[in-house]
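Taking the numbering used here, the leading residue of the sequence shown gets 264, the next gets one more, and so forth.
Ideal Cβ placement from N, Cα and C applies to all residues, glycine included.
The structure presented is a predicted model; accordingly, all values stated were derived computationally and were not measured.
Below: the structure, in structure tokens.
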Amino acid sequence: METFRTIIPIKKTWDLTHADRILTMGSCFADRMSDVLMQSGFRVEHNPFGVLYNPMSVVKALETLWYNIPFRDEDVFEYQGCYASFMHHTSFSGRDKDEVLKRIRMRTAQASQALHQADCLMITFGTSWVYALAETGKIVANCHKLPDYHFVRRRLDVAEIVEYYSEFLEVVFREKPDLKILMTVSPIRHFKDGAHENTLSKAVLHLAIEELCLRFPQIVYFPAYELLCDDLRDYRFYDEDMLHPNSQALRYIWEAFSQFAFDKNTKDLIHQLQQIHKAMQHKPLRPGDEAYVRFAQKNLAAIAMLQLAHPELDLTEEQDFFKRILE
């Protein structure tokens, strides 16, 4: 029987369990995958600098975390009454400079600890097009809507990415030789750069990751880009902007990731957690009646058994939900 699609075979290549501590960095696709991982019970620290699209901003952020580089007052600038950082996404910006600095420093300290404790680092590259400050040549993570004349736009080359990451990762692997790194290219097209320019940009990212995988056995590549653009390859799998994957596409990519990274025990545990989360969405006909109380008690018992069998799980939110029903 013909399938009328280009199916990308996914084999068990990687090993991720709930005992692993995960740090994710990169594009908004990394955020979406982080959300699913957290919903599935994994311990995830995600995008501590906010969404970062280009590889150089990601590695600069990782260096800041690894070396615990202090964030100075002068690292924040003011534009039209708003304070921001060229290393961070706009989600860190604000009208109060002290609050912006406080939020950045707290998140940086938390993420620095997370990186040093991490068992797994997941990096998603979005684009190889970068904007550098015209005065200094420093690559920025976000332009924060400053006028164009402040920046010079250019495309990173493969060697530039590979050499910078290699230099950093050699240091990291000396201290953490067992750190697992998964790299992906975001399937979200950056059409604001132009269709052909986006194709060139993604090609640079793919080639850079390929070279890094060859250099470091701890790095693997997950084909999220190919799953959306070559396997699904249909606008019914996109949001209304025709660029971002919709929920159906994300489920498909997640299922492929499950085949790629999870063994049977991990899949079974995820299923049990999904059953608890499904129970939390249940809307009772008569809140407070005896049947609903038994329903809450049953789920609390299931949570207690899971917590006993898997002490690495944090099920506080789930426990509190059902305890409130019994109050």
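Go ahead and label residue i buried or exposed: buried means 16 or more other beta carbons lie within 10 angstroms of its beta carbon, across all protein chains shown.
i, result
"TYR394", "buried"
"VAL242", "Outside the displayed span of the chain (264 to 590) sits residue 242, for which this structure offers no information."
"PHE340", "exposed"
"THR287", "buried"
"ILE533", "buried"
"ASN562", "buried"
"HIS459", "exposed"
"LEU463", "exposed"
"ARG587", "exposed"
"SER290", "buried"
"ALA293", "buried"
"GLY400", "exposed"
"ALA324", "buried"
"ASP494", "buried"
"HIS453", "buried"
"HIS352", "buried"
"ALA282", "exposed"
"MET543", "exposed"
Once DSSP output is grouped into helix, strand and coil, what is the label at residue i?
i, result
"MET505", "coil"
"ILE466", "It should be noted that the sequence gives Ala, not Ile, for residue 466. Helix, per DSSP."
"ILE273", "coil"
"SER348", "strand"
"ARG496", "coil"
"CYS406", "coil"
"GLU337", "helix"
"THR287", "strand"
"ILE332", "coil"
"VAL321", "helix"
"PHE585", "helix"
"VAL307", "strand"
"TYR268", "One detail in the question is off: residue 268 reads as Arg in this sequence, not Tyr. Looking at ARG268 - three-state DSSP - the assignment turns out to be coil, as it is neither helix nor strand."
"TYR342", "strand"
"PHE312", "coil"
"ARG549", "coil"
"PHE627", "Summary: the structure shown does not reach residue 627, with the chain confined to residues 264 through 590, and so no result is reported for it."
"PHE520", "helix"
"LYS401", "coil"
"GLN544", "coil"
"GLU326", "helix"
"ASP298", "helix"
"PHE525", "coil"
"ALA282", "coil"
"ASP577", "coil"
"ASP420", "coil"
"GLU590", "coil"
Can you give me the C-alpha to C-alpha distance between residue i and residue j, rounded to a whole angstrom?
i, j, result
"GLN560", "GLN511", "33 Å"
"TYR455", "ARG478", "The sequence shown places Lys at residue 455, not Tyr. Roughly 33 Å separates the two Cα atoms."
"GLU581", "ALA565", "11 Å"
"ALA381", "ASP411", "38 Å"
"HIS574", "LYS465", "First, the residue type needs correcting, since residue 574 is Pro and not His in the sequence shown. Near 41 Å, if we compare the C-alpha coordinates of LYS465 and PRO574."
"ALA212", "ASP278", "Only positions 264 to 590 of the chain appear in this structure, which leaves residue 212 out of reach."
"PHE520", "ARG514", "10 Å"
"MET369", "PHE388", "25 Å"
"VAL556", "MET296", "34 Å"
"PRO480", "GLU553", "56 Å"
"ILE539", "PRO547", "15 Å"
"ILE482", "ILE444", "5 Å"
"ILE451", "LEU432", "26 Å"
"LEU578", "LEU571", "11 Å"
"LEU378", "ASN317", "19 Å"
"ASP526", "THR276", "10 Å"
"PHE355", "GLU326", "19 Å"
"VAL314", "ARG549", "43 Å"
"GLY551", "ALA567", "22 Å"
"TYR498", "GLU473", "28 Å"
"ASP504", "HIS309", "25 Å"
Report back the beta-carbon spacing between residue i and residue j to the nearest angstrom; my notes put them in contact at under 8 Å.
i, j, result
"VAL425", "ALA471", "5 Å"
"PHE305", "ILE273", "That pair is no contact at about 19 Å."
"VAL421", "ALA397", "Contact flag wrong, Cβ pair sits at about 25 Å."
"THR447", "TYR488", "7 Å"
"TYR342", "HIS407", "6 Å"
"PRO486", "ILE271", "6 Å"
"SER348", "ILE367", "6 Å"
"GLY344", "ARG358", "6 Å"
- [ ] Can you check the segment 426-485 for any alpha helix (DSSP H) of at least 4 residues that lies completely inside it and give the ranges in chain order?
- [x] The alpha helix (DSSP H) runs lying completely inside the segment 426-485 and spanning 4 residues or more are 458-478, given in chain order.
Open item on the list: Could you tell me which whole beta strand (DSSP E) segments of length 3 or greater appear in the segment 353-396?
Closed with: Those beta strand (DSSP E) runs which fall completely within the segment 353-396 and span 3+ residues are 383-388, 392-396.
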